[in-house]
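Okay, structure first, notes after.
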Amino acid sequence: MFITNDSGPMHIAAAVGTPVLALFGPTDSVVYGPYGNKNRIVSASLECIPCREHHCLRGDHACMEKLDLSVVLDAALEMLGKY
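Using the working numbering, the letters of the sequence shown correspond one by one to residues 275 to 357.
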């Protein structure tokens, strides 16, 4: 399993068949998420997601700061149980 943000290595891992747990913030996970059914996406529930901005217009980076570690851990453990 590869736990990552939206990045080039995320796509490489998915391409070679590694299960990916991707943490998404301002980018659109539907458009930029990893391909394949082994992968999972975690993001915060905010009205501004996806904003697609390089700099946070809110000024607090809430889309990344509010990612709940317990949700990420639960998703990772669930994925590990499947493979």
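Backbone N, C-alpha and C define an ideal beta-carbon position, used for all residues, glycine too.
> Relative to the alpha-carbon of Val304, which residue among Ala289, Ile286, Thr292, Ile323 has its alpha-carbon at the smallest distance?
Replying inline: As a position in the sequence shown, residue 304 is number 30, starting the count at 1. Val304 has its Cα closest to that of Ile323, out of Ala289, Ile286, Thr292, Ile323.
>> Whole angstroms are fine: how far does the CA of His328 sit from the CA of Met353?
In response: Walking along the sequence shown from the start, residue 353 turns up at place 79. Walking along the sequence shown from the start, residue 328 turns up at place 54. The alpha-carbon atoms of Met353 and His328 are separated by roughly 30 Å.
> What residue does the beta strand (DSSP E) around Ile277 start on, and which one ends it?
Replying inline: Along the sequence shown, read from residue 1 onward, the residue named residue 277 stands at position 3. Where Ile277 is concerned, the enclosing beta strand (DSSP E) stretches over 276 to 279.
> Taking the alpha-carbon positions, what's the Leu320 to Cys337 distance?
Replying inline: As a working note, residue 320 is residue 46 in the sequence shown. As a working note, residue 337 is residue 63 in the sequence shown. About 7 Å.
>> For Val345, tell me which candidate among Gly282, Ile315, Leu331, Thr292 has the shortest Cα-Cα distance.
In response: Within the sequence shown, residue 345 is the residue found at index 71, counting from 1. Checking every option, the nearest Cα to that of Val345 belongs to Ile315.
> What is the residue span of the alpha helix (DSSP H) that Val290 lies within?
Replying inline: Sequence index remark: in the sequence shown, residue 290 carries index 16 (1-based). Unbroken run through Val290: none, as it is neither H nor E.
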